[in-house]
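Asks: To start, I am sharing the structure in question, which I have written as structure tokens.
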Amino acid sequence: MVKPIPKEEGLDHTVAWMNEGYLFLSNRMNQFNSDVVETKILGKKFIAMRGPKAAELFYDSSRFIRYGAIPKNVADVIIGKNSVFQFDDGQHHKRKQMLINVMNEEQRKKLEQISRNQWKIAIERWEQTGEVVLLDELEQLFTIIVCNWIGIPLYAKNVSLRTKDIRSMLTAFTNKGLNYFQGNQAKKRALKWISYIIRQVRTGRIHPQEQSPLYQLAWYERSNGKLLSISNAAEEVLNIIRPFVAITRYACFSQLALLENPNVRQRLRKDSQYVSWFIQEVKRFYPAVPFVIAKARESFIWEDIYFPKNRLVLLDLYGSNHHPDTWEEPENFVPERFQFLDEKDRYRLIPQGAGDLEFGHRCVGEEITTQMMRISLEYLLQLDYDLPDQDLNFKLNQIPAQPSSKIRLQNIRNKG
């Protein structure tokens, strides 16, 4: 027997979503004591879910598609037109396989070397500066790293502008959507910049290494044998740059975790397994992506719940990572909890999504995220500094979340 889905009264709940942010879906699920609820945002009906079973369903490609799920004004800034995130089935698999190939082991080794070199340069500069705002510095550092790794020429005079534009794209929906205009303009500037670079590659004016992401994307052929359009290739390059720079928030939250849990420092320096647990707990505990969106491929019934064809569905990532039925004492920061988690479980810890990497819609950049968090943590642990009075709290109604002060550090000394 099909059972009704709990839903709150009211014509639309967009304002509540903006006011509640990461907690919006979980608040309603807790209110109705149900891991599946119905809500209405931006005038559209959504079925929202959380938990491992919901994640497994959501990433079942026979049940859900991504094409047309994300509202156009959101997609234009966050992922762009005709990108891998909006494809399904064979088209998605082919484009995603290309991204997996450009992030292969050899390229990750190159990324490791570039990252370490740039971290050392950044720390030397920080030592000469009275105070640094860590999140701002990390965004600039990661912008330099990712452009260097991809193969994009980035001149010193342009670093600040490029970093600012990437930041504007990442925060386009912060401040209850009031930053959208700045984010949209930043996206247009970034596309113009990357399109120029792609054109330079194709006309032989820039010569990136053949294994570099820039070369692979510039010369990528679609299934019909034609090259991606300049704009599509630029979108895919941006779809590496933007989420790469977004990793800075995990790095910043790692520093916050060190400040709030000073007892972990010694063990992190000595125990590589504990480092892995710490990184996983940072991903679980601190807010990153609030939810992901899909659309029902056909009508179906799951757990006595009816999903109509084309119904939009939200998987609550933050709520799933803080679900008391899944995690013991979820509001406590406990890296040791991952000692007992099956690493093959693809549906429990889902900060960036779930499912199968090669054939599903799991985030292709997860390994690089972990790699960059590990490198960042290593260098952050080498620093001595003075911590001025500041507001280190983060607001869960701000997406993406960040410590209010962005973490200000003074008189940095490198003891590594």
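The opening position of the sequence shown corresponds to residue 814 in the working numbering, with each subsequent residue numbered one higher.
Think of the CB as a built atom: it goes at the ideal place given N, C-alpha and C, for glycine as much as any other residue.
No experiment lies behind these values; they were computed from the predicted model shown.
Whole beta strand (DSSP E) runs in the segment 1116-1200 with 3 or more residues, listed along the chain?
Replies: If we require 3 residues or more, the beta strand (DSSP E) runs fully inside the segment 1116-1200 come out as 1118-1120, 1125-1129, 1196-1199.
Asks: Is any non-hydrogen atom of the ligand GTP found closer than 7 Å to the C-beta of Lys1122, if you look at the structure I gave you?
Replies: Questions concerning the ligand GTP fall outside what the structure shown contains, since it holds no ligand whatsoever.
Asks: When burial is assigned at 16 or more other CB atoms within 10 Å of the CB, is Tyr1099 buried or exposed?
Replies: Classification of Tyr1099: buried, given that the 10 Å Cβ count is 16 or more.
Asks: Report the residue from Leu967, Ile1188, Ile1053 whose alpha carbon sits nearest the alpha carbon of Phe1091.
Replies: Checked all of Leu967, Ile1188, Ile1053; the closest Cα to Phe1091 is Ile1188.
Asks: Throw me the rounded Cβ distance for the Tyr1063 and Thr1182 pair, which I believe falls under 8 Å.
Replies: About 7 Å separates the two Cβ atoms, so the contact holds.
Asks: Figure out for me which residue from Leu1194, Gly1166, Pro1201, His1135 has the closest Cα to the Cα of Ala868.
Replies: Among Leu1194, Gly1166, Pro1201, His1135, the Cα nearest to that of Ala868 belongs to Gly1166.
Asks: Give the straight-line distance between the Cα atoms of Leu983 and Asp949, rounded to the nearest whole angstrom.
Replies: In a straight line, the C-alpha of Leu983 is about 13 Å away from that of Asp949.
Asks: Suppose the cutoff is 7 Å on Cβ atoms and the five residues either side in sequence are ignored; what does the same chain contact list for His826 look like?
Replies: So the list reads Thr852, Lys853, Ile854, once near-sequence residues are dropped.
Asks: How far does the beta strand (DSSP E) with Lys1108 in it reach, from first residue to last?
Replies: 1104-1109 is the extent of the beta strand (DSSP E) around Lys1108.
Asks: In the DSSP output, which residue or residues are listed as bridge partners for Met831?
Replies: Answer is none; Met831 lacks a bridge partner.
Asks: Here's the rule I'm using: 16 or more other beta-carbon atoms within 10 Å means buried, otherwise exposed. How should Val849 be labelled?
Replies: Counting Cβ neighbours within 10 Å, Val849 comes out buried, since at least 16 surround it.
Asks: Considering only residues of the same chain and omitting the five flanking positions on each side of Ile957, which have a CB-CB separation below 7 Å?
Replies: Once the five neighbours on either side are set aside, the close Cβ partners of Ile957 are Gln931, Leu967, Val972.
Asks: Indicate whether Lys1219 and Leu947 have their beta-carbon atoms separated by less than 8 Å.
Replies: Yes, they are a contact pair.
Asks: In this structure, does DSSP put Gln1093 in helix, strand or coil?
Replies: Helix.
Asks: Around the C-beta of Asn1123, are 16 or more other C-beta atoms found within 10 angstroms, so that it is buried, or is it exposed?
Replies: Exposed, because fewer than 16 other Cβ atoms sit within 10 Å of the Cβ of Asn1123.
Asks: Based on Cα-Cα distance, which residue from Leu1128, Pro1148, Leu1196, Glu1144 lies nearest to Pro1164?
Replies: Ranking Leu1128, Pro1148, Leu1196, Glu1144 by Cα distance to Pro1164 puts Leu1128 first.
Asks: Could you tell me the boundaries of the alpha helix (DSSP H) in which Glu919 lies?
Replies: Its alpha helix (DSSP H) spans residues 918-940.
Asks: On the DSSP bridge list, what partners appear for Phe1207?
Replies: In DSSP, Phe1207 forms a bridge with Pro1216.
Asks: How close, in whole Å, do the beta carbons of Leu951 and Thr1061 come, if the pair is a contact with beta carbons under 8 Å?
Replies: Right, the Cβ-Cβ distance comes to about 4 Å (below 8 Å), so this counts as a contact.
Asks: In the DSSP output, what is Ile878 paired with across the bridge?
Replies: DSSP, once it has assigned bridges, lists Lys1108 as partnering Ile878.
Asks: For Asp902 and Tyr835, I'd like the C-alpha separation in whole angstroms.
Replies: In this prediction, Asp902 has a pLDDT of 43, which is less than 50 and means its spatial position is unreliable; what the coordinates show is noted afterwards. Going from the Cα of Asp902 to the Cα of Tyr835 covers about 30 Å.
Asks: Would you check if the segment 1072-1088 and the segment 1130-1148 touch, i.e. whether three or more CB-CB distances between them fall below 8 Å?
Replies: Counting Cβ pairs under 8 Å, three or more are found: they touch.
Asks: What's the gap between the Cα of Leu1222 and the Cα of Asp1202?
Replies: The straight-line gap from Cα to Cα measures roughly 10 Å.
Asks: In the DSSP assignment, the beta strand (DSSP E) including Phe837 goes from what residue to what residue?
Replies: Here Phe837 belongs to no beta strand (DSSP E); instead the alpha helix (DSSP H) covers 837-845.
Asks: If we count the other Cβ atoms within 10 Å of its Cβ and call it buried at 16 or more, is Tyr872 buried or exposed?
Replies: Buried.
Asks: Just the C-alpha distance for Glu1034 and Met916, rounded to the nearest angstrom, thanks.
Replies: Spanning the two alpha carbons is a distance of roughly 18 Å.
Asks: For Ala1047 versus Ile1019, is the C-beta distance shorter than 8 Å?
Replies: No, these two residues do not count as a Cβ contact at 8 Å.
Asks: Is Phe877 closer than 8 Å to Ala1101 when the C-beta atoms are compared?
Replies: No. Outside cutoff.
Asks: Given Ile818, which residues of its chain have a CB within under 7 Å of its CB, disregarding the five upstream and five downstream residues?
Replies: For Ile818, where only same-chain residues beyond five positions count, the Cβ hits under 7 Å are Val849, Val850, Glu851, Ile860, Ile1118.
Asks: Could you give the residue range of the beta strand (DSSP E) that holds Lys857?
Replies: Segment 857-862, the beta strand (DSSP E) holding Lys857.
Asks: Per the DSSP calculation, Phe1113 is bridged to which residue(s)?
Replies: Paired residues: Phe1120.
Asks: Sorted by chain position, which residues of the same chain lie with C-beta nearer than 6 Å to Pro1216's C-beta, five sequence neighbours on each side aside?
Replies: So the list reads Leu1069, Leu1205, Phe1207, once near-sequence residues are dropped.
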